[in-house]
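Participant: Residue numbers (the numbering used here), protein chains in the order written: chain A, 34 to 193; chain B, 78 to 595.
Each residue gets a CB set at the ideal place from its N, CA and C atoms; glycine is no exception.
Attaching a single structure in structure tokens format; questions to follow.
What follows is the structure in structure tokens.
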């Protein structure tokens, strides 16, 4: 990452921290604010949050790593989450997971080599009557077959 | 005359293409010069019919479904705006047997109204509970909830009114109402449906709770997997604030209640109330020791009501119609209605609000219609990932808290996940332990270490390594987790494991059922 990019992120992050730090229990809203804005929580942001909230860096680091949702590295251009909970398993989620890992050539928490897609597992999207379910960039898709998944992956790869 | 057309904004409807259908209807109507009023409502909960399109007619709302975008032009040709015949025509929505046989109290408005229209909410009996509450003392409100017999719908089934009474009696400069909207259990979606389909009912329920116990600040702790619910809640909250149903001096009553949505971050354990409070305070979601009870020392150390979404959303109807009227529904100590949720391998999946006491079999076959695959049902998991696997021999049990507890199962949040005869229960038992290991907060040893050891022991049983000894070991481990864990995650993960082992021993390679345990 260039230093210019870093400086740009830093100002954004500081803006988010300053806007939210007065809320009770501000750390979670701040972490969401940062990740919503730039896609992940950069390690350089930890001391900024610690300073603003009067916490140790270890405390902030501990919170970031406790929650599955937060990531500390830049994500791919698109996020593909596959539900692995029981209702989806009842109608073939495990096969869908195996298919996705094989065709994308990545495991969970990894990003395809072209930087297009980050693959994640999720436990329940609340779409259990129309399983198996996936979430594509925040949008739920139900009754997903391997063919439907392939079509979604293709369209994500061509989209920026 | 302008016809009102309804297409759901529920995320399951959207997952099946409701947004595209709504766009196609708008485009086609414009092309034909037809003036329509397109409302994005909640879902009626008949998910196999989504995207469901409804039109208002003098006889009532007429339904069509499941509608694909390519069906839309044909629907216009068939004069569907006036209830015309078409092969997707389903007749009057409320006469569809799946819907007609339900008792909709908490979900009375879901699928009927525009979720973010306060006027629509008011026109459908909304805020009548609050109007009554504003004329009552806190003590009288609490006693009305006690009378209703309402028990916590999140799963623990603790009497809601008793919890409120404790918070009411606590002396403090600040109290809180916290809504647990971290609906992480697989097979459950009733919280999501109500937040997306009728957010005002939750807001009203929390406002009444605040007035009852003297809390002026509320938080909705919402899981990050529910972005549509977050949008609907925030829109409804801002409308409620602008019309003085939230904030200072609510409707000129002198009462104050502020409400804010806070997003979780993908930790299942944060559905446990003390872990949720830690998370709201901006910390790791580590479970707290109890006592002190959150009712006395909860959020930021202050007296706090922590209730599930459905518990709080049931409050307005209780305050409107009276606790006595609510408790007329149900059986035994399970009073009122529960929104059951049918998911997994089921033909007619969806939401069924009914009084407690229906049998499992009625729910699975009369409503669910059996499996989607057409194969026999072998097992159902009731109550989420920590709930027991229930075999066919127990399907005649009534769905109430005590009946299920009597067979070491639990009703939990009312989710029922259906599996056909291709399911491998040893693998599902392994998954229960794997999930527990992944989601454990790590505070207590039985959960943190036991879950990982559980995966290993089940693997050895399945591989046939020293099987009889490993089965004894697994039962022993489950007992340790059941009695030694700090919260329900480690304390209940043995339920799916032991029920699988007891009812489906053949899947573990055990010829004879290995006797009863736990």
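#1: Going along the chain, which residues of its own chain have a beta-carbon closer than 7 Å to the beta-carbon of residue 321 of chain B, five neighbours each way excluded?
#2: Report the neighbours of residue 419 of chain B on chain A: residues whose CB is nearer than 7 Å to its CB, in chain order.
#3: Take residue 256 of chain B as the anchor and find which of B/143, B/288, B/295, B/512 has the nearest alpha-carbon.
#4: State the Cα-Cα distance for the pair residue 404 of chain B and residue 432 of chain B, rounded to the nearest angstrom.
#5: Please decide whether residue 124 of chain A counts as near chain B, where near means a Cβ-Cβ distance under 7 Å.
#6: Below 7 Å between beta carbons: does that hold for residue 495 of chain B and residue 457 of chain B?
#7: Could you tell me whether the region 406-423 of chain B touches the region 150-168 of chain A, where touching means 3 or more Cβ pairs closer than 8 Å?
#8: Give every residue of the same chain whose Cβ lies closer than 8 Å to the Cβ of residue 175 of chain B, excluding the five residues on either side of it in the sequence, and list them in chain order.
#9: Less than 7 Å separating the beta-carbons of residue 298 of chain B and residue 273 of chain B?
#10: What does a CB cutoff of less than 8 Å around residue 517 of chain B pick up in its chain, not counting 5 residues either side in sequence?
#11: Please report how far the alpha carbon of residue 180 of chain A lies from the alpha carbon of residue 150 of chain B, in whole angstroms.
#12: With a threshold of 6 Å on Cβ separation, who are the neighbours of residue 109 of chain A within its own chain once the five nearest residues in sequence on each side are excluded?
#13: Start and end of the beta strand (DSSP E) containing residue 468 of chain B?
#14: For residue 392 of chain B, which residues from the same chain have a beta carbon less than 6 Å from its beta carbon, with the 5 sequence-adjacent residues on both sides left out?
#15: From the DSSP output, in three-state form, read off residue 420 of chain B for me.
#16: Going along chain B, which residues have a C-beta under 9 Å from residue 73 of chain A?
#17: Tell me whether residue 407 of chain B is buried or exposed, calling it buried when 16 or more other Cβ atoms sit within 10 Å of its Cβ.
#18: Does the beta carbon of residue 142 of chain A come closer than 7 Å to any beta carbon on chain B?
#19: Out of B/319, B/438, B/388, point me to the one whose CA is closest to residue 414 of chain B's CA.
#20: For residue 112 of chain A, list the residues DSSP reports as bridge partners.
#21: Measure the CB-CB distance between residue 214 of chain B and residue 227 of chain B and report whether it falls below 7 Å.
#22: Which chain A residues sit within Cβ distance under 8 Å of residue 262 of chain B?
#23: List the residues of chain A that residue 360 of chain B touches, going by C-beta distances under 7 Å, in chain order.
#24: Kindly indicate which three-state DSSP category residue 94 of chain A falls into: helix, strand or coil?
#25: For residue 580 of chain B, is the classification buried or exposed, using 16 other Cβ atoms within 10 angstroms of its Cβ as the cut-off for buried?
#26: Would you kindly report the start and end of the unbroken beta strand (DSSP E) that includes residue 100 of chain B?
#27: According to DSSP, is residue 492 of chain B helix, strand or coil?
#28: Once DSSP output is grouped into helix, strand and coil, what is the label at residue 497 of chain B?
#29: So for residue 209 of chain B, helix, strand or coil by DSSP?
#30: Pull the bridge partners of residue 144 of chain A from the DSSP assignment, please.
#31: Is the Cβ of residue 528 of chain B closer than 7 Å to any Cβ of chain A?
#32: Could one say the Cβ of residue 60 of chain A lies closer than 7 Å to chain B's Cβ atoms, at least one of them?
#33: Would you mind sorting residue 51 of chain A into buried or exposed? The rule is 16 or more other CB atoms within 10 Å of its CB.
#34: Check for me: the alpha helix (DSSP H) holding residue 527 of chain B runs from which residue to which?
#35: Grab me the residues of residue 35 of chain A's own chain with a C-beta within less than 7 Å of its C-beta, minus the 5 sequence neighbours each way, in chain order.
Facilitator: Checking against the coordinates, here is how it stands:
#1: 327, 328
#2: 162
#3: When each option's Cα is compared against that of residue 256 of chain B, the closest is B/295.
#4: 10 Å
#5: yes
#6: Yes, these two residues count as a Cβ contact at 7 Å.
#7: A contact between stretches requires three or more CB pairs, one per stretch, nearer than 8 Å, and the region 406-423 of chain B meets this requirement with the region 150-168 of chain A.
#8: 123, 425, 427, 429, 444
#9: no
#10: 346, 524, 525, 528, 566, 567
#11: 27 Å
#12: 144, 148, 149, 150, 151
#13: Residue range 466-468 is occupied by the beta strand (DSSP E) that includes residue 468 of chain B.
#14: 282, 285
#15: strand
#16: Simply none; closest approach about 13 Å.
#17: buried
#18: The Cβ of residue 142 of chain A sits no closer than 7 Å to any Cβ of chain B.
#19: For residue 414 of chain B, the nearest C-alpha among the options comes from B/388.
#20: A/151
#21: Result no, Cβ atoms of residue 214 of chain B and residue 227 of chain B do not sit closer than 7 Å.
#22: 157
#23: 96
#24: helix
#25: buried
#26: Residue 100 of chain B -> not in any beta strand (DSSP E); alpha helix (DSSP H) instead, spanning 95-109.
#27: strand
#28: strand
#29: helix
#30: A/151
#31: no
#32: yes
#33: exposed
#34: Unbroken alpha helix (DSSP H) run through residue 527 of chain B: 522-540.
#35: In this prediction, residue 35 of chain A has a pLDDT of 42, which is less than 50 and means its spatial position is unreliable; what the coordinates show is noted afterwards. Within the same chain, and ignoring the five residues on either side of residue 35 of chain A in sequence, no residue has its Cβ closer than 7 Å to its Cβ.
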